[in-house]
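These notes are about the structure you will find just below.
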Amino acid sequence: MDNNLTPEIDQSQEEEPLEAEQGLTASNEGIYPNAVIKINRDQYSAFEIKRMVETTHELRLDPEFQRHNVWVPSQKRELIESLLMGIPIPVIYVFENEQGIKQMVDGRQRISAIIEYMNGGFTLDNLNMLPDFNGKKFDQLDPLYRSKLERYQLLVYVIEPPTPERVKYDIFDRVNRGGTQLNNQEMRNALYYGQATQLLNELASLEVFHKATGGAIKPKRMRDQYIILRFIAFYLLRQGKMVVEYRSNMDEFLATTMKWLNQADVSELEHIKQVFSHAMQSAWHYLGEDGFRFDMTNINRRPINMALFEVLAYFFAITPLDAVEPETIVVAINQLKQRFDHSNEFSGRVDTSNGVAYRFNQVEQLKEQLTC
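Structure, rendered in structure tokens:
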């Protein structure tokens, strides 16, 4: 099926759920058999925190997380007033990775306000307890108070390796709970901000991705980035580019993938962009906007199937089809989809290691049949 015209995609339509969606919604099971949980309690001065953020870059303040929870000026001024008075403020939570880089979990607004004031970013005003400080920026304070602010001790809880991903997500959710509960992809986006999140955002914005999915996978709650990350993870795994064994633990698997992407060379990231773009273009070319859906039941159009998306995208990513008749390709894929539709590996057992192996073995066999 050759589709040369860009479809009119209704971006205002309500987001439909993914069929066979698993691993996105946060689980609150709270049971961690044999888990090693390592949390240390440290203290840093405000000056040390500022240096860690601006100079050594060992503490990262994720600009995407808490983007809807920005402090107003009065909150910043009250915080500085509390520090000048020596009043204790709530503890800070950070995650530390294997390289010693700390990622903010809770406390970003407090740290940002402290650094902003120390950099001369705002003036104290309307202070209730220290009115004599009204109208003063940091460099206008008496040296004694500048030193007092720089030496203020912040209590920091550091969650260190090898704390499991599932435990990290629960901690992250608990300390940030107060609005809509974050799903697993939103937490990954905050915990592994860097090349990985930038890549996912770029791929999710591709026009060809929206064409191949009919615009049905919206960016709300990062469902689009989640399904793309799954494809990338399995592509890297099956092509031997990422040395890891999949053991039915999707959270650990996707976290490993995010870490790999954050450390990848530019050439590797460019390769992934090309592979994904080619896969989406081929899917659209041969199957149209319903290629990642199973056949409708009665008169109802079924949602995009998550497991079908990742295996068909993988098939198009690895299969050279220029020498194969288009009709042969379409017929073969539709026959495979019919078999898949009656398999539990596309509904109940999506994330099991056996289910994953079955799905990807099938499309790799189809590749061999079409290109031999």
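According to the numbering used here, the sequence shown is numbered sequentially starting from 971. Built from N, CA and C at the ideal position, the CB exists for glycine as well.
message: Let me check understanding here. Comparing Cα to Cα, which of Pro1273, Gln1339, Ile1009, Ala1016 lies closest to Ala959?
response: In the structure as shown, the chain begins at 971 and stops at 1342. Residue 959 is therefore absent and cannot be evaluated.
- request: Over the uninterrupted alpha helix (DSSP H) stretch that includes Phe1201, give me the two end residues.
  value: 1193 to 1208
task: Give the range of the alpha helix (DSSP H) segment to which Glu1066 is assigned.
output: In the DSSP annotation of this structure, Glu1066 is not part of any alpha helix (DSSP H); the continuous beta strand (DSSP E) holding it starts and ends at 1062 to 1066.
field: For Ile1009, three-class secondary structure by DSSP
entry: strand
- prompt: Considering only residues of the same chain and omitting the five flanking positions on each side of Thr1289, which have a CB-CB separation below 6 angstroms?
  reply: Result list for Thr1289: Lys1337, in chain order.
- prompt: By DSSP, does Arg1263 sit in helix, in strand, or in coil?
  reply: strand
- prompt: Whose CA, out of Phe1201, Gln1335, Glu1135, lies closest to the CA of Leu1173?
  reply: Of the candidates Phe1201, Gln1335, Glu1135, the residue whose Cα lies closest to the Cα of Leu1173 is Phe1201.
- request: Could you name the residues that DSSP lists as bridge partners for Asp1311?
  value: Under DSSP, Asp1311 forms no beta bridge with any residue.
message: So, with DSSP's three-state summary, where would you put Lys1229?
response: helix
Inter-residue CB distance, Ile1019 and Ile1081 (contact presumed, cutoff 8 angstroms): 6 angstroms
- prompt: In this structure, what does DSSP give as the bridge partners for Met1220?
  reply: The partner list for Met1220 (beta bridge, DSSP) is empty, contrary to what the question assumes.
- request: Over the uninterrupted alpha helix (DSSP H) stretch that includes Met1276, give me the two end residues.
  value: 1276 to 1288
- prompt: Which term fits Asp1112, buried or exposed, when burial requires 16 or more other beta carbons within 10 angstroms of its beta carbon?
  reply: exposed
message: Short of 6 angstroms in beta carbon distance, which residues of its chain neighbour Leu1053, apart from the five on each side in sequence? Order them along the chain.
response: Leu1119, Tyr1122
DSSP three-state assignment for Gln1069, whether helix, strand or coil: coil
message: Does the contact criterion of 3 or more C-beta pairs under 8 angstroms hold for the segment 1204 to 1222 versus the segment 1269 to 1286?
response: yes
- request: Taking Tyr1129 as part of the beta strand (DSSP E), name the residues at either end of that continuous run.
  value: Residue identity check: residue 1129 is Ile in the sequence provided, not Tyr. Segment 1123 to 1130, the beta strand (DSSP E) holding Ile1129.
- request: Leaving aside the five residues before and after Met1022 along the sequence, list all residues of the same chain whose C-beta is less than 8 angstroms from its C-beta, in chain order.
  value: Tyr1014, Glu1028, Leu1029, Lys1072
- prompt: Taking the alpha helix (DSSP H) that Lys1181 falls in, what are its first and last residues?
  reply: In the DSSP assignment, Lys1181 falls within the alpha helix (DSSP H) that extends over 1177 to 1182.
- prompt: When burial is assigned at 16 or more other CB atoms within 10 Å of the CB, is Asn1304 buried or exposed?
  reply: exposed
field: Nearest neighbour of Arg1158, chosen from Ile1187, Thr1183, Met1228, Asp1292 [CA to CA]
entry: Met1228
- prompt: Thinking C-alpha only, which one of Tyr1163, Gly1261, Phe1065 is nearest Tyr1139?
  reply: Phe1065
task: Assess, as a yes-or-no matter, whether the segment 1087 to 1102 is touched by the segment 1041 to 1051 under the definition of 3 or more beta carbon pairs within less than 8 angstroms.
output: Yes, the segment 1041 to 1051 touches the segment 1087 to 1102.
query: Would Pro1043 count as contacting chain C if we go by Cβ distances under 9 angstroms?
result: No chain C appears in this structure, which consists of one protein chain only.
message: If you reduce the DSSP assignment to three classes, tell me which class Asp1076 lands in.
response: strand
message: From the DSSP secondary-structure annotation, give me the bridge partner or partners of Ser1015.
response: Gln1123
- request: Would you list the residues sitting across from Leu1029 in a DSSP beta bridge?
  value: Beta-bridge pairing by DSSP links Leu1029 to Lys1072.
task: Could you have a look at Asn1096 and say whether DSSP puts it in helix, strand or coil?
output: coil
query: When we look at the beta-carbon of Gly1261 and count the other beta-carbons within 10 Å, is it buried (16 or more) or exposed?
result: buried
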